[in-house]
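There are 2 protein chains.
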Amino acid sequence: MTTIRDVAKKAGVSVATVSRFLNGSGYVSADAAKAVTEAVEELEYELNPVARSLNTKRSSLIGLILPDITNPFFPELARAVEDVALSYGYTVILCNSDEDPKKEKNYIETLKKKYIAGFIVTSNQLDAPHYADTKLPIVALDRAINEKIPVVSSNNKEGAVLGTNALLERGCRNILFLRGPEALNPANDRYDGFMEAIGKSDVDYRIVTCPFHYADSQKIVKRELKANPAIDGIFASSDVSAAGALKAAAILGRNVPDDLQIIGFDGIAMGEMLSPGLSTIAQDVYKMGAIATRILIKRIENKPVEESFYEIPVKLILRGTTRSVE
Amino acid sequence: MTTIRDVAKKAGVSVATVSRFLNGSGYVSADAAKAVTEAVEELEYELNPVARSLNTKRSSLIGLILPDITNPFFPELARAVEDVALSYGYTVILCNSDEDPKKEKNYIETLKKKYIAGFIVTSNQLDAPHYADTKLPIVALDRAINEKIPVVSSNNKEGAVLGTNALLERGCRNILFLRGPEALNPANDRYDGFMEAIGKSDVDYRIVTCPFHYADSQKIVKRELKANPAIDGIFASSDVSAAGALKAAAILGRNVPDDLQIIGFDGIAMGEMLSPGLSTIAQDVYKMGAIATRILIKRIENKPVEESFYEIPVKLILRGTTRSVE
DNA sequence: AGGTTATGTGTAACCGGTTACACATACTAT
DNA sequence: ATAGTATGTGTAACCGGTTACACATAACCT
Numbered sequence: 000m001t002t003i004r005d006v007a008k009k010a011g012v013s014v015a016t017v018s019r020f021l022n023g024s025g026y027v028s029a030d031a032a033k034a035v036t037e038a039v040e041e042l043e044y045e046l047n048p049v050a051r052s053l054n055t056k057r058s059s060l061i062g063l064i065l066p067d068i069t070n071p072f073f074p075e076l077a078r079a080v081e082d083v084a085l086s087y088g089y090t091v092i093l094c095n096s097d098e099d100p101k102k103e104k105n106y107i108e109t110l111k112k113k114y115i116a117g118f119i120v121t122s123n124q125l126d127a128p129h130y131a132d133t134k135l136p137i138v139a140l141d142r143a144i145n146e147k148i149p150v151v152s153s154n155n156k157e158g159a160v161l162g163t164n165a166l167l168e169r170g171c172r173n174i175l176f177l178r179g180p181e182a183l184n185p186a187n188d189r190y191d192g193f194m195e196a197i198g199k200s201d202v203d204y205r206i207v208t209c210p211f212h213y214a215d216s217q218k219i220v221k222r223e224l225k226a227n228p229a230i231d232g233i234f235a236s237s238d239v240s241a242a243g244a245l246k247a248a249a250i251l252g253r254n255v256p257d258d259l260q261i262i263g264f265d266g267i268a269m270g271e272m273l274s275p276g277l278s279t280i281a282q283d284v285y286k287m288g289a290i291a292t293r294i295l296i297k298r299i300e301n302k303p304v305e306e307s308f309y310e311i312p313v314k315l316i317l318r319g320t321t322r323s324v325e
Numbered sequence: 000m001t002t003i004r005d006v007a008k009k010a011g012v013s014v015a016t017v018s019r020f021l022n023g024s025g026y027v028s029a030d031a032a033k034a035v036t037e038a039v040e041e042l043e044y045e046l047n048p049v050a051r052s053l054n055t056k057r058s059s060l061i062g063l064i065l066p067d068i069t070n071p072f073f074p075e076l077a078r079a080v081e082d083v084a085l086s087y088g089y090t091v092i093l094c095n096s097d098e099d100p101k102k103e104k105n106y107i108e109t110l111k112k113k114y115i116a117g118f119i120v121t122s123n124q125l126d127a128p129h130y131a132d133t134k135l136p137i138v139a140l141d142r143a144i145n146e147k148i149p150v151v152s153s154n155n156k157e158g159a160v161l162g163t164n165a166l167l168e169r170g171c172r173n174i175l176f177l178r179g180p181e182a183l184n185p186a187n188d189r190y191d192g193f194m195e196a197i198g199k200s201d202v203d204y205r206i207v208t209c210p211f212h213y214a215d216s217q218k219i220v221k222r223e224l225k226a227n228p229a230i231d232g233i234f235a236s237s238d239v240s241a242a243g244a245l246k247a248a249a250i251l252g253r254n255v256p257d258d259l260q261i262i263g264f265d266g267i268a269m270g271e272m273l274s275p276g277l278s279t280i281a282q283d284v285y286k287m288g289a290i291a292t293r294i295l296i297k298r299i300e301n302k303p304v305e306e307s308f309y310e311i312p313v314k315l316i317l318r319g320t321t322r323s324v325e
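These protein sequence lines are chains A and B, in that order.
Heads up, the first sequence is in numbering that gives the first Met the number 0, so the first residue is 0 and it goes up one at a time.
Heads up, the second sequence is in numbering that gives the first Met the number 0, so the first residue is 0 and it goes up one at a time.
Right, here's the structure in full:
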């Protein structure tokens, strides 16, 4: 392996000059620069990032902490983070936290020892006291940790308004809202949006709390649909819940969308594969991940970050679970 | 930050002794061991992995190279790899290769500089010349790179036999087999299994090559179903293709499963959410990832690895797209 | 007793970079 | 002319570990 000393010798300068040139720090004459460039070229020298890390106490590692990569929301996020990180020369470490603060903390400690450059943190938990004291650059997704930590999130409230209005415009007179877990920021914002939009109408509605879980949702919706056959619209706070609702409707022989219209929230790929295709409020998950990563890297590299709160617009996607507006 | 020198001073021994004790290498007296243990405890000393890496040229990093984490097959794999890696003290780096050998190679080069301990490689490509010369421990998933590299894969052929027989037992007399891309090992094994099982029957069949892609599959199946209305069974080489087939059937008003039965392959979570639920040959993806990781870690730690070819059994899961056996 | 081998420990070089500091020269300002 | 600043470079310490080697003592042979 060629080292900086080999390069220095070949270029006829000291290692300090080589290092300065390579890092663009300090003064280096044109002659020296040329000699070093040539030596690097000829020796195919590549800097050893471990040696560098050891004394700079920095690295090009980014930690991506998420509850569970298996949850259909996260792969696309991970993909975006990885793409952007790669393009800036960073490497992504995958951390499944399972919503367990201990596990999360453990990851942070372990990776700090490796001089990790920063973290992107996605979690459903509202509180995260152990982040507060970390001096590392962090960007949060979908949850506010504290004022100093930038947050990237979808425009959940607006999305919920959009979805609710879509059902209203399509003639729903009795809407079931599947509210997400109350511990989740995004779920609460969606709830607020629903309430705002439904409040402006004179339509009947009912709210049921429902985890973002397929089988649970199916069970809950089956029960609700049986108890209240007048329901002609369901707005689910997640696509997975919507899938459960759709299944429940199928089992009960309800005709979607003629009889019952359904809108989900998230925009995961699966929605398209359902029959009928799931209408949904799609989040631009890729964009969320990409923006979060760009902000993180700016922070890592001490570049100015304009804002600390980024809201990504959502989009209504109409498929088969809703009718066209009459 | 406390260093090994602090510990040595506190314990009244040399750094060499501390290092030896910490690594279980060389001789350390009981007295010295005790003194070091106490000093470590009191100072809350934690070894710096970067400094260690620098001269051992090893690390506890594992690279997971996969085509695209967004593909529903991979998150569960990644999850398994991460779980097992974590339990052995390793950290996982996520690498989306997009099937691009250049990108793959680039990752390998980059991570080698960080003294990565080993790689788990999943790829759809059959050839991978650039792995051959790597001295790093590697474990492959679903593809054989060379004799020295262990492979973990599902029992694809047996699965295909299982699926084909399931359709036959349920009365199918005209089966459409959606064959996966010919460049893929697993797809070819599935094809072999189908041929073997179908050959033993006197049933009509037709084979169409179909990418593991939802929309494409839908189009292809729609065409096939129109051209040949007698088809009463579809065996798809992947669940995503099966989902496309199911959608096509729904659009054409075919009744699944009374009229047309469908079996997929993979066992991804989405299958359950479809209506009717997708019958499938489920791979134990988690197990594949877990086993691959364990083997890799054994290799990294120079422990003996029994075999070099691991086949994970598959399982027939019957849901709504197949009838019960009459 | 004398030679081997096993046990135990410390010194110092080394891994491959970065950077504080000292020093030299050239240019600018007064 | 002289001080002050900008430019350019090298030496050597340092980051925080590992380990070769030298040396010392204890245990085991014959």
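Just so it is clear, CB atoms sit at the ideal spot from N, CA and C, and this is done for glycine as well.
In this text the structure is predicted, and so the values were computed from the model without any measurement.
- When DSSP states are grouped into helix, strand and coil, asparagine 184 of chain B belongs to the helix group.
- Going by beta carbons, asparagine 227 of chain B and arginine 205 of chain B fall inside the 8 angstroms limit.
- Identification of residues in the region 63-95 of chain B having a C-beta nearer than 9 angstroms to some C-beta of chain A yields Leu63, Asp67, Ile68, Thr69, Asn70, Pro71, Phe73, Pro74, Glu75, Ala77, Arg78, Val80, Glu81, Asp82, Leu85, Gly88, Thr90, Val91, Ile92, Leu93, Cys94, Asn95, given in sequence order.
- When the alpha-carbon of alanine 34 of chain A is set against those of A/Glu45, A/Val49, A/Val12, A/Ser59, the nearest one is in A/Val12.
- Legend: CB atoms of the region 244-255 of chain A lying less than 8 angstroms from CB atoms of chain B belong to residues Leu245, Lys246, Ala249.
- Cβ neighbours of lysine 102 of chain B within its own chain (closer than 6 angstroms, five residues either side excluded): Ser96.
- Straight-line spacing of the CA atoms in valine 284 of chain B and glutamine 217 of chain B works out to 25 angstroms.
- Between proline 275 of chain B and the set B/Ile261, B/Gly266, B/Ile267, the nearest pair of CA atoms involves B/Ile261.
- Here the region 167-187 of chain A makes contact with the region 137-153 of chain A; the two share three or more CB pairs at distances below 8 angstroms.
- For asparagine 155 of chain B, the enclosing alpha helix (DSSP H) covers residues 155-168.
- Valine 49 of chain B belongs to the set of residues whose beta carbon lies under 8 angstroms from a beta carbon in chain A.
- In summary, the residues of the region 184-216 of chain A whose CB is separated from some CB of chain B by less than 9 angstroms are Tyr213, Ala214, in the order they occur in the chain.
- In this structure leucine 60 of chain B is buried. Its beta-carbon is surrounded by 16 or more other beta-carbon atoms within 10 angstroms.
- Within 10 angstroms of the beta-carbon of lysine 147 of chain B lie fewer than 16 other beta-carbons, which makes it exposed.
- Around the C-beta of tyrosine 26 of chain A, fewer than 16 other C-beta atoms lie within 10 Å, and the residue is accordingly described as exposed.
- When the beta-carbon positions are compared, valine 80 of chain B and leucine 63 of chain B come within less than 8 angstroms of each other.
- Within its own chain, no residue has a Cβ closer than 6 angstroms to the Cβ of asparagine 22 of chain B once the five positions on either side in sequence are excluded.
- Within the DSSP secondary-structure output, asparagine 95 of chain B pairs in a beta bridge with B/Leu65.
- Under the DSSP assignment, glutamine 217 of chain B falls in the alpha helix (DSSP H) whose first and last residues are 213-226.
- Scanning B/Ile294, B/Gly266, B/Leu167, B/Ile290 for the CA closest to the CA of glycine 198 of chain B turns up B/Leu167.
- The closest CA to that of aspartate 141 of chain A, considering only A/Ala159, A/Ile119, A/Ser200, is found on A/Ile119.
- Chain order gives no chain B residues near glutamate 300 of chain A, where near means a beta carbon separation below 7 angstroms; the closest approach is about 19 angstroms.
- With respect to the C-alpha of leucine 85 of chain B, the residue from A/Thr109, A/Val17, A/Arg298 having the closest C-alpha is A/Thr109.
- The Cβ atoms of phenylalanine 193 of chain B and phenylalanine 211 of chain B do not sit closer than 8 angstroms to each other.
- Using beta-carbon distances, alanine 242 of chain A counts as an interface residue toward chain B, with a partner under 8 angstroms.
- Between isoleucine 280 of chain B and glycine 162 of chain B, the C-beta spacing is below 8 angstroms.
- Among the residues facing chain B, lysine 225 of chain A is not included, as its CB has no counterpart in that chain under 8 angstroms away.
- If you draw a straight line from the Cα of threonine 16 of chain B to the Cα of tyrosine 114 of chain B, it comes to about 25 angstroms.
- The beta carbon of glutamate 103 of chain A does not come within 8 angstroms of any beta carbon belonging to chain B, so the residue lies off that interface.
- Comparing alpha-carbon positions, the option among A/Asp265, A/Glu45, A/Ser278, A/Lys221 lying closest to alanine 249 of chain A turns out to be A/Lys221.
- In this structure leucine 251 of chain B is exposed. Its beta-carbon is surrounded by fewer than 16 other beta-carbon atoms within 10 angstroms.
- Counting only Cβ-Cβ distances below 7 angstroms, methionine 287 of chain B has no contacts in chain A at all, with the closest Cβ about 14 angstroms away.
- By the beta-carbon neighbour count (other beta carbons within 10 angstroms, threshold 16), alanine 214 of chain A is exposed.
- Listed along the chain, the chain B residues whose CB falls inside 8 angstroms of the CB of serine 274 of chain A are Leu245, Lys246, Ala249, Leu273, Ser274.
- By the CB criterion at 8 angstroms, arginine 78 of chain B and aspartate 5 of chain A fall outside the cutoff.
- Taking the Cα of alanine 10 of chain A as reference, the smallest distance to any Cα among A/Glu37, A/Thr1, A/Ala29 is reached at A/Glu37.
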